[in-house]
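K.L.:
1 is the number of the first residue of the sequence shown in full-length UniProt numbering; add one for each residue after it. In this text, a Cβ means the ideal position worked out from N, Cα and C, and glycines have one as well. These numbers come from a predicted model, not from an experiment.
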Amino acid sequence: MLDLDEAGLDLYRAGHRTRLKWHMGRRVRADVPFTPSRTAEAMAFGASFEVDLNRHAGAGFAVLHDATLDRETDGHGPVIAAGPGALRRLKLRRPSGEITGEKVLLLDDLAALVRAGPVHPETLIQLDLKVGAEAIDAATVEAFANVLAGVAPHFILSGGDRAAVARLGRATAGVNLGFDPCNETTVAAIEAGADLDAFVADALAALPEASLIYLDYRAVLAADRRGVDLIAAFHAAGRRIDAYTLDLDHRDADAGLKRLIELGADQITTNEPDAVARRAAELGLAERN
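1. Whether or not the stretch 142-152 and the stretch 63-75 are in contact is what I'm after, with contact meaning three or more pairs of Cβ atoms, one per stretch, closer than 8 angstroms; do they touch?
2. Say whether the stretch 130-138 touches the stretch 157-171, bearing in mind that this needs 3 or more beta-carbon pairs closer than 8 angstroms, one atom from each stretch.
3. Buried or exposed for ASN289, please, with buried defined as at least 16 other CB atoms from any protein chain shown within 10 angstroms of its CB.
4. From LEU285 to GLY169, what does the alpha carbon distance come to, in whole angstroms?
5. Tell me the DSSP secondary structure of HIS120 in three-state form.
6. What is the rounded straight-line gap between the Cα of ALA186 and the Cα of THR245?
7. Distance, Cα to Cα, VAL220 vs ARG226?
8. I need the boundaries of the beta strand (DSSP E) containing GLY85, first residue and last residue.
9. Which whole-angstrom value describes the C-beta separation of THR39 and GLY60, a residue pair presumed to lie in contact below a C-beta threshold of 8 angstroms?
10. If you draw a straight line from the C-alpha of ASP266 to the C-alpha of ALA277, how long is it?
11. For the beta strand (DSSP E) containing THR245, list its first residue and its last residue.
12. Are ASN54 and ALA44 closer than 8 angstroms when you measure CB to CB?
13. Under three-state DSSP, which class holds PHE179?
14. Inspect the CB distances between the stretch 206-217 and the stretch 235-252 and report whether three or more fall short of 8 angstroms.
15. Pull up the CB-CB distance for LEU283 and ASP254, whole angstroms please, since I reckon it's below 8 angstroms.
16. Helix, strand or coil for GLU272 per DSSP?
17. Between the alpha carbons of ASP74 and ASP229, how many angstroms are there, rounded?
18. I'd like the span of the alpha helix (DSSP H) that includes GLY193, first residue to last.
19. If you measure between the beta carbons of PRO181 and ASP197, is that distance less than 8 angstroms?
20. Nearest-angstrom Cα distance between GLU191 and ARG218?
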């Protein structure tokens, strides 16, 4: 069922659920990414949502996309050079550059929000790791495990660096793991005829603990045009699929949304889940119970 009066935002078709994941914690396109207020709302609704993590100077993580502070906050310089106290004093910027009243979150703060609740049991927070294994030392591993103690099942740790994800994830009881095998050349390689059986096998072997595989939605559709169902291939191996990041202003967005739902994507990442949910209903892609 799709209830447009509440944020789920889940789409059901032929008995299969496709979750609409809030990219960078956004519910609508105009949202400032990673705000505490939207985070609390998403947790109360039971949404699947994503935040990015960058290392800071205190062996922990800031909830920021960039390795530098300038674009996203009223601060300056590398995130890795800023301590927790300094980061907590910073304010987030809108994409336009306007400084808001919303504070920068640390992973510690995010975990505290989960502990304080309310948290719907369906809430799943993707921690998208933006640093590689070289930034993950023993102190960082210990701090990460301690911060998520008791609330780890509400989180899924992912990233493109399998060693970094494995190092943190294997030390953190209860945390879910995901893996992204795509990069900037993946779509072109698939279009050029890349071996898709090998692509799937390599992704499965890269991080065997990963329960969720993140695929560029364009890669899924490019494979589909070749007659290969990547989602079915990963489903056959017991993995779920998140297809990222589809917005309504993308070329052939309606057709892409329809096909991803038909192929059984378990999640579709978008910057505008409210709008995508409404568009799915308009197109007849979501069933109502």
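P.N.:
Reading from the atomic positions:
1. no
2. yes
3. Residue placement at ASN289 is flagged as unreliable, the pLDDT there being 41, under the threshold of 50; a coordinate-derived value is accordingly withheld.
4. Each residue's Cα considered, the two are about 36 angstroms apart.
5. In this structure, DSSP gives HIS120 a state outside helix and strand, which the three-state scheme calls coil.
6. Going by the sequence as given, residue 186 is Thr instead of Ala. Each residue's alpha carbon lies about 14 angstroms from the other.
7. Approximately 10 angstroms, taken between the alpha carbons.
8. It is not in any beta strand (DSSP E) - GLY85 instead sits in the alpha helix (DSSP H) that spans 84-88.
9. Not a contact, Cβ separation roughly 17 angstroms.
10. 14 angstroms
11. From DSSP, THR245 is part of no beta strand (DSSP E); its letter is neither H nor E.
12. no
13. strand
14. Cβ pair count under 8 angstroms is three or more, so yes.
15. Right, the Cβ-Cβ distance comes to about 6 angstroms (below 8 angstroms), so this counts as a contact.
16. coil
17. Roughly 45 angstroms between the two C-alpha positions.
18. Run containing GLY193: none; DSSP gives neither H nor E here.
19. no
20. In this structure, the straight-line span from the alpha carbon of GLU191 to that of ARG218 is close to 10 angstroms.
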